[in-house]
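With the numbering used here applied, the sequence shown corresponds to residues -15 to 306, in that order.
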Amino acid sequence: MLKNARAVLWVTAAVLLTMLLGSRFYGWERAVTVTAVHAECKPIYNSVTASGSVEAARSYAFSARSDAVVGEVFCGLGETVHAGQALWRLEPAGEVRWTAELLQNAVSVLTGSGESERVVSDAEGGGVLVCAPADCTLLAVPSEGQPAPAGLPYAQAAELGSLRLRVDIAESFVADVQAGQSANITVQATGGRYAGRVQSVAPVARQAVSLTGTAGAVTVSALLSVEGADGALRPGYSATAKIFVDEKPSAVVLPYEAIRQEGESEYVYVIGGDGRAHRRAVQTGYALSSAVEVESGVAAGEAVVTGNPDGLCDGVLVEVSP
């Protein structure tokens, strides 16, 4: 009995000694606790944002060939008229002085209509009936007795069935914008959202200049179609367009906290099937709001360590916390 007890003690001691020696000489490990994510495959895009105003694709600015005065007016503001319908009369007048009010009215007509077609009426030698050039809506209507100096726009109409957005693109982004690119359009006044597409980009740039002569930003004008425009959308409304200049339907992305940097090199720790963290060089692409594109080094679905826990290094055994 005593011999058996001694044998048990010797065996126990041998086991404990083996465990102690194994721990010291064979490197039995304690796993590093980490957090991890799986690399996702998702569509991403790069975009250019530009602001501008809504305008009719086709609009008309009315002016007189010679100095005139508006006679009887047959239509009201906002009224939809048909091609050939009588709008108002123009009567000949002596010399009409250009007042600040008339100039301001002309500026309002021109800035609210984009690139308008001119509708010029000649009242010299007798009154003339001004008619609608097409089916359109009256956006600025003169009042009876209002002077109409020669060449100065005094009224405006537009075909509202087709609207577009004119935006100013910063010169540093113009090279990325091309006709045919899709866009999301947001209207400030209503919060409405519409799909759009770039129709054209101006061949020349322009620089804004303040009243004090200070030079402003250099921009290039672009026109975008507005799809699904409804009655809530009006010419003159301010809007912002997000133009998608580059789209990738299946990009691999990781959160920023998974990407590590050493000098100019970037790398991640990928958790392998052996339960260990393996350092792997990566090449990143587009920077997104909360993630970054990984162009090479990681495949979709692979588990990647996030954060920087103590003891994390290449080849270390890891345990992923729930």
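Beta carbons: idealized from backbone N, C-alpha and C, even for Gly.
These numbers come from a predicted model, not from an experiment.
Legend entry - Where Tyr240 falls: helix, strand or coil (DSSP): helix
Legend entry - Contacts around Ala223, its chain only, beta-carbon distance under 6 Å, and the 5 residues preceding and following it disregarded: For Ala223, where only same-chain residues beyond five positions count, the Cβ hits under 6 Å are Val38, Leu149, Ile169 and Val171.
Inset, instruction - State the beta-bridge partners of Thr224 as determined by DSSP. - result: Ser35 and Thr170
Legend entry - Sheet register partners of Ser205 (DSSP bridge): Asp152
Inset, instruction - State the Cα-Cα distance for the pair Ser7 and Gly295, rounded to the nearest angstrom. - result: At Ser7 the pLDDT is 45, less than 50, meaning the model places this residue with poor confidence; the figure from the coordinates comes in the next sentence. Each residue's alpha carbon lies about 18 Å from the other.
Legend entry - Boundaries (first-last residue) of the beta strand (DSSP E) holding Glu248: Segment: none, Glu248 is in no beta strand (DSSP E) and carries neither H nor E.
Legend entry - Under the three-state DSSP convention, the category Ala199 falls into: strand
Inset, instruction - Go ahead and label Thr198 buried or exposed: buried means 16 or more other beta carbons lie within 10 angstroms of its beta carbon, across all protein chains shown. - result: exposed
Inset, instruction - Measuring alpha carbon to alpha carbon, tell me which of Glu246, Gly269 and Leu113 ends up nearest Glu75. - result: Leu113
Inset, instruction - Let me know the secondary structure DSSP gives Ala213 once reduced to three states. - result: Residue state for Ala213 is assigned as coil, using DSSP reduced to three classes.
Legend entry - DSSP-derived helix/strand/coil call for Asp119: coil
Legend entry - Spatial distance of Pro239 from Ala20 (CA atoms): 10 Å
Inset, instruction - Would you mind stating whether Gln165 and Ile227 have Cβ atoms separated by less than 7 Å? - result: yes
Inset, instruction - Quick one: grab the DSSP three-state call for Tyr10. - result: Here the model assigns Tyr10 a pLDDT of 45, short of 50, so the residue's position is not dependable and the matter cannot be decided.
Legend entry - Residue from Arg260, Glu277 and Gly259 with nearest C-alpha to Gln267: Glu277
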